[in-house]
Amino acid sequence: ITLLTSCKSNDNPTPTKTKAEYISAKVWIIDNLTVNGIITLYQKGNTQNLYDLSKVSFNLNSNGTVTGTDNNGSSITGGTWAFNSDQSKVVLTNVTIQGGLALSGEFTIIQLNDTNFDIQGNVTYMGQTGNAVVKMIAK
Numbered sequence: 311i312t313l314l315t316s317c318k319s320n321d322n323p324t325p326t327k328t329k330a331e332y333i334s335a336k337v338w339i340i341d342n343l344t345v346n347g348i349i350t351l352y353q354k355g356n357t358q359n360l361y362d363l364s365k366v367s368f369n370l371n372s373n374g375t376v377t378g379t380d381n382n383g384s385s386i387t388g389g390t391w392a393f394n395s396d397q398s399k400v401v402l403t404n405v406t407i408q409g410g411l412a413l414s415g416e417f418t419i420i421q422l423n424d425t426n427f428d429i430q431g432n433v434t435y436m437g438q439t440g441n442a443v444v445k446m447i448a449k
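So, in structure tokens, the structure goes:
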């Protein structure tokens, strides 16, 4: 008895995306924003949010700029983003949403993939600063 077997090698493996490719390939919307571990400013789908972020979208462009739309339909412009040296954090500068929410500074990357971009760092809301977890999903 002769038995012949063969395995097809994968000549074209799926390339792994870089963090920059994950970030810049999608438009991101906020799914949840919780401050100081206890105050939920926004939860997508909740009708009792402290701050309505349902129309906010972010584009972290490959050229390092941040653009998008705030909840009033106004453009988000003038912001920038970059990684820290080991790409464990994203540094946001001048990302302001009309109505008093500002994302600026270093944010630790909790999760980053094709569907989720979660970060933790200080946010300012109506003059108050707190440590926040911002969970974003791809639009």
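Here the sequence shown stands for residues 311 to 449, where the numbers follow this note's numbering. Glycine is no exception: its CB is placed at the ideal position from the N, C-alpha and C atoms. As the structure is a computational prediction, the values presented were derived from the model and not from experiment.
In this chain, the alpha helix (DSSP H) harbouring residue 333 covers 329 to 334.
Apart from the 5 residues on each side of it in sequence, residue 369 sits with its Cβ closer than 6 Å to the Cβ of 337, 377 and 378 in its chain, given in chain order. Under the rule that a run must span 3 or more residues, the beta strand (DSSP E) segments found entirely inside the stretch 357 to 412 read 367 to 370, 375 to 379, 385 to 393 and 399 to 407.
According to DSSP, residue 418 shares a beta bridge with 399 and 430. The beta carbon of residue 397 is closer than 6 Å to those of 329 in its chain, skipping five residues each way along the sequence. For residue 436, there is no enclosing beta strand (DSSP E), as DSSP gives it neither H nor E. Between residue 339 and residue 449, the gap from beta carbon to beta carbon is short of 8 Å. Note on geometry: alpha-carbon atoms of residue 355 and residue 348 lie some 18 Å from one another.
A check of alpha carbon separations from residue 387 across 393, 394 and 403 identifies 403 as the nearest. Residue 400 is a Cβ neighbour of residue 419, given a cutoff of 8 Å.
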